[in-house]
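What follows is one structure encoded as structure tokens, with my remarks underneath.
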Amino acid sequence: AQSVTQLDSQVPVFEEAPVELRCNYSSSVSVYLFWYVQYPNQGLQLLLKYLSGSTLVESINGFEAEFNKSQTSFHLRKPSVHISDTAEYFCAVSDGDNQGGKLIFGQGTELSVKP
Amino acid sequence: DAGVIQSPRHEVTEMGQEVTLRCKPISGHNSLFWYRQTMMRGLELLIYFNNNVPIDDSGMPEDRFSAKMPNASFSTLKIQPSEPRDSAVYFCASSPGLAGGHYEQYFGPGTRLTVT
């Protein structure tokens, strides 16, 4: 069965510093990969996704993630974070043959941006 | 589109009472998911439906929990009787499903349930 590992439960970082949130998934023939963000007291929002094509995907607010098939990773990065990026981030994976669109979520990484 | 709609947003009830959570998915989406989120256990998938049919309910914690999807625009999650350990935030999400190759899920704002 597909699984997702987020290696860091908490990542504290100072404002304007770069950040990387790590995500690894178990190998599969084809996968679709997602990052979701959850701000306090809100639902999860889709941040970015990889379905096919270019292995580097970007979000509208400066985050990017790179699909690395050989390392089965989909790490999330941002070159300069803001206070407003403080949130919990979830990596998720779907098997290409999965019926119904079920996603497997990681345990989440709490990003805390300090001034 | 208004997105996924959940009601109520907050529910406080006493142990032993029946609780019903409601969800309206995004119009045209074929799949619907119920999740539970707690500090201790994180985000757990309880059950999901495809075209109104339950596909996998292996995440439902026990028989006190039940879910229905009588039509494409409405689903309920019921807990009877409720217990304090059921206190959590319950999320509903919907997805276009396999049509068009879309797999992303869209989450509602959640229902915060407190059982005293």
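Protein sequence lines correspond, in order, to chains A and B. Per my numbering: the first sequence = residues 131 to 245. Per my numbering: the second sequence = residues 1077 to 1192. Where a beta carbon is used, it is the ideal one built from N, C-alpha and C, also for glycine.
- Note on geometry: alpha-carbon atoms of tyrosine 1179/B and lysine 232/A lie some 8 angstroms from one another.
- Restricting attention to Ala147/A, Val143/A, Asn154/A, the CA atom closest to the CA of glutamine 136/A is found in Asn154/A.
- Proximity of chain A to serine 1151/B at the Cβ level (cut-off 7 angstroms) is not reached, the minimal Cβ distance being about 14 angstroms.
- Across the set Val134/A, Glu150/A, Val223/A, the C-alpha of Glu150/A shows the shortest separation from the C-alpha of aspartate 215/A.
- One Cα belongs to proline 1172/B, the other to alanine 1078/B, and the distance between them is close to 15 angstroms.
- Proximity of chain A to serine 1163/B at the Cβ level (cut-off 7 angstroms) is not reached, the minimal Cβ distance being about 15 angstroms.
- Counting along the chain, lysine 1154/B sits inside the beta strand (DSSP E) bounded by residues 1150–1155.
- Nearest to serine 242/A by C-alpha distance, out of Asn171/A, Leu186/A, Phe144/A, is Phe144/A.
- Bounds of the beta strand (DSSP E) holding threonine 1089/B are 1086–1089.
- With a minimum length of 3 residues, the unbroken runs of beta strand (DSSP E) contained wholly in the region 154–237 of chain A fall at 161–168, 174–180, 186–188, 194–198, 203–208, 217–225.
- At a cut-off of 9 angstroms, the C-beta of tyrosine 166/A has a neighbouring C-beta in chain B.
- Proximity of glycine 173/A to chain B, defined by a Cβ-Cβ separation below 9 angstroms, is satisfied.
- Counting along the chain, no beta strand (DSSP E) covers aspartate 1133/B, and no H or E run does either.
- Methionine 1145/B: member of the beta strand (DSSP E) spanning 1141–1147, first to last residue.
- By DSSP's assignment, isoleucine 1081/B forms a beta bridge with Lys1100/B.
- Shown here for isoleucine 213/A: same chain residues with a beta carbon closer than 7 angstroms to its own, the five before and five after excluded, namely Glu145, Val243, Pro245 in chain order.
- Leucine 1189/B has Glu1087/B, Ala1164/B as its beta-bridge partners, per DSSP.
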